[in-house]
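Numbering (full-length UniProt numbering), first residue to last: 1 to 228. Backbone N, C-alpha and C define an ideal beta-carbon position, used for all residues, glycine too.
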């Protein structure tokens, strides 16, 4: 049994555990070491870096299944975090490092939001991670000016659909992935360095936003201005 690319560690380990329990029910002795070895050789290639690290730094003969699964899940979350927002590149293009004392602007805190996306059958599809700003700490007139973003009224949308139906036009619906991350901002906004990505030797410094981020007060307005 091999792990599928679409499976998470939790899903795959559940299948392995069920198989082990079935074998034990038939009287077969399955030592924990054997389960550890099975997991290490059967996970997909994207886990190769953590598998190699575990094999080189830990004693496989004494490694427990719980420890192994914990390490694999931790790696899975870190990988998801990087894939979701491409943070290493995002920080290069959207943020500038600044000394915390370089101006009197309020520094906004940031936090990670984790979410598990499920399939229709309730199984786990993937883990998602987003970095959001604590926009509630921004003061109007000081940290930002306008926040509005025009949106279409429901009556307007209905009228448009009615006209399209009458004239037999095709209607295409689109969604912008990570939409709020595409808008540039005019105000000077500084945020803390996010947990897990604090620059060594520059712990006291903060980051200046060049593009909007989720939950910042001006995010919606910035997106609309960018796409006019």
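Which residues bound the alpha helix (DSSP H) around residue i?
i, result
"residue 14", "9-25"
"residue 33", "32-42"
Are the CB atoms of residue i and residue j nearer to each other than 9 Å?
i, j, result
"residue 9", "residue 73", "yes"
"residue 164", "residue 171", "yes"
"residue 108", "residue 198", "no"
"residue 80", "residue 126", "yes"
"residue 41", "residue 71", "no"
"residue 65", "residue 32", "yes"
"residue 39", "residue 19", "no"
"residue 5", "residue 57", "no"
"residue 201", "residue 78", "no"
"residue 15", "residue 1", "yes"
Does DSSP classify residue i as helix, strand or coil?
i, result
"residue 130", "strand"
"residue 124", "strand"
"residue 64", "coil"
"residue 111", "strand"
"residue 117", "strand"
"residue 205", "strand"
"residue 190", "strand"
"residue 45", "helix"
"residue 76", "helix"
"residue 238", "A question about residue 238 goes unanswered here, because the residues of the chain that appear run from 1 up to 228."
"residue 198", "coil"
"residue 161", "helix"
"residue 218", "Unreliable positioning characterises residue 218 in this predicted model, as indicated by a pLDDT of 46, which lies under 50. The coordinate reading is nonetheless provided below. Coil at residue 218, not helix or strand."
Output needed for residue i: all residues of its chain with C-beta closer than 6 Å, excluding positions within five of it in sequence on either side, in chain order.
i, result
"residue 113", "130 and 132"
"residue 160", "none"
"residue 75", "50"
How would you write the range of the beta strand (DSSP E) that residue i sits in, first residue to last?
i, result
"residue 153", "Run containing residue 153: none; DSSP gives neither H nor E here."
"residue 57", "Residue 57 -> not in any beta strand (DSSP E); alpha helix (DSSP H) instead, spanning 48-57."
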